[in-house]
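Here the structure comes first, spelled out in structure tokens, and everything after it is commentary.
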Amino acid sequence: MGQMEEKRARFLSRRKKWLILSVLLAAAALVLILAAYGRRLTPVFASKYGVFGVDVSHHQGSVDWELFKEQGVQFAYIKATEGSSHTDTEFFKNLTGADAAGIAAGVYHFFSFDSSPETQAEHFISTAGDLSGHLPPAVDVEYYGDKEANPPPKEAVTESLSEFLALLEKEYGKKPVIYTTYKVYHRYLKGKFDGYPLWIRNVYYPPADIGRTWTFWQYSDRGELSGHAGAEAYVDLNVFGGTKAELEMLLLPAGEDGKGETS
Numbered sequence: 004m005g006q007m008e009e010k011r012a013r014f015l016s017r018r019k020k021w022l023i024l025s026v027l028l029a030a031a032a033l034v035l036i037l038a039a040y041g042r043r044l045t046p047v048f049a050s051k052y053g054v055f056g057v058d059v060s061h062h063q064g065s066v067d068w069e070l071f072k073e074q075g076v077q078f079a080y081i082k083a084t085e086g087s088s089h090t091d092t093e094f095f096k097n098l099t100g101a102d103a104a105g106i107a108a109g110v111y112h113f114f115s116f117d118s119s120p121e122t123q124a125e126h127f128i129s130t131a132g133d134l135s136g137h138l139p140p141a142v143d144v145e146y147y148g149d150k151e152a153n154p155p156p157k158e159a160v161t162e163s164l165s166e167f168l169a170l171l172e173k174e175y176g177k178k179p180v181i182y183t184t185y186k187v188y189h190r191y192l193k194g195k196f197d198g199y200p201l202w203i204r205n206v207y208y209p210p211a212d213i214g215r216t217w218t219f220w221q222y223s224d225r226g227e228l229s230g231h232a233g234a235e236a237y238v239d240l241n242v243f244g245g246t247k248a249e250l251e252m253l254l255l256p257a258g259e260d261g262k263g264e265t266s
């Protein structure tokens, strides 16, 4: 190789290194921007959807549902149960209040990787009772405790969750909604539960990259609404991916036994 060729090769090598470094720096900058401003930007993206809602638990304390409605809340998912024995202390009060305010309400269960699906379903059904006129029940599937550092086996989770969902569908007549995070979705749910309505959490950017249609999007965990007094100062904010009329079509009808009819 001649001297000119060697110089050219060194130049191209340096240029390639600088290009790679520039790309890495740009990627790092993007991550920092999303971390710093993503929570501020998602409400802008979410504003194009016309149906706004919240999800609450005892962490929000006593909720003034009429005041929530005045601030634009059109639907709400309310925590009822967790695992096989825990019942949220504000569940009954929240559901009664949301119903009285005319807010489309649904009930959710926080799924435990450590309890049997049968006992979890029994606990949820006995607590939630008749859900006629409400949104389909939802199951919150996310990491807790040390589960992110020590994730449960995929096969065990999908099998247990499948059984839990089937029991709720049998009871209420509609497929439950699955709430989840990106990490849990990609590890356990992707391609396995595509027939179920998806409620996806992404507080940094719109979930266009999830690879499937979502039904609900939790776009913020820093919602500032008047009308609640709990240990948690913020409220989770959500949007529905359709119209108000389409949301109302999700409401469970009354069957002969007061439960939803199979659809």
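In this note's numbering, the protein residues as written are 4 to 266.
Note that the Cβ used here is the ideal one computed from N, Cα and C, for glycine as well.
| Query | Result |
| --- | --- |
| Tell me, please, whether the CB atom of L254 is closer than 8 angstroms to any CB atom in chain D? | Absence of chain D from the displayed structure is noted, only one protein chain being present. |
| Specify whether the stretch 152-159 and the stretch 103-115 touch according to this definition: at least 3 beta carbon pairs, one from each stretch, less than 8 angstroms apart. | no |
| With 16 as the cutoff for other CB atoms within 10 Å, does P210 come out buried or exposed? | buried |
| Buried or exposed: where does T216 fall if 16 or more other Cβ atoms within 10 Å of its Cβ makes it buried? | exposed |
| With 16 as the cutoff for other CB atoms within 10 Å, does E93 come out buried or exposed? | buried |
| Give the range of the alpha helix (DSSP H) segment to which Q221 is assigned. | Not the alpha helix (DSSP H): Q221 falls in the beta strand (DSSP E), residues F219 to G226. |
| Counting C-beta neighbours from all protein chains within 10 Å, is the total for H231 16 or more, i.e. buried, or is it exposed? | buried |
| Starting from K157, trace the alpha helix (DSSP H) in both directions and tell me its first and last residue. | K157 to Y175 |
| Does the distance from the CB of L1 to the CB of L228 come in under 8 angstroms? | Here the chain comprises residues numbered 4 to 266, so residue 1 is not present and cannot be evaluated. |
| When the Cα of T161 is compared with those of A236, E145 and K173, which residue comes out closest? | E145 |
| Using CA coordinates, which residue listed in W202, E249, K157 and E174 is at the minimum distance from T184? | W202 |
| In whole angstroms, what is the alpha-carbon distance linking P46 and V110? | 24 angstroms |
| Can you grab the Cα-Cα spacing for the pair P256 / K177, in whole Å? | 10 angstroms |
| By the three-class DSSP mapping on this structure, what secondary structure does G100 have? | helix |
| Contact check, G214 vs K193 under 8 angstroms by CB: the rounded distance? | 7 angstroms |
| In whole angstroms, what is the alpha-carbon distance linking E85 and D91? | 8 angstroms |
| Measuring alpha carbon to alpha carbon, tell me which of F71, S60, Y191 and G136 ends up nearest S163. | Y191 |
| Give me the residue from D197, T246, N241 and L170 with the minimum Cα distance to V59. | N241 |
| Please list the segments of the alpha helix (DSSP H) lying wholly inside the stretch 74-152, counting only runs of 4 or more residues, in order along the chain. | 94-103 and 120-131 |
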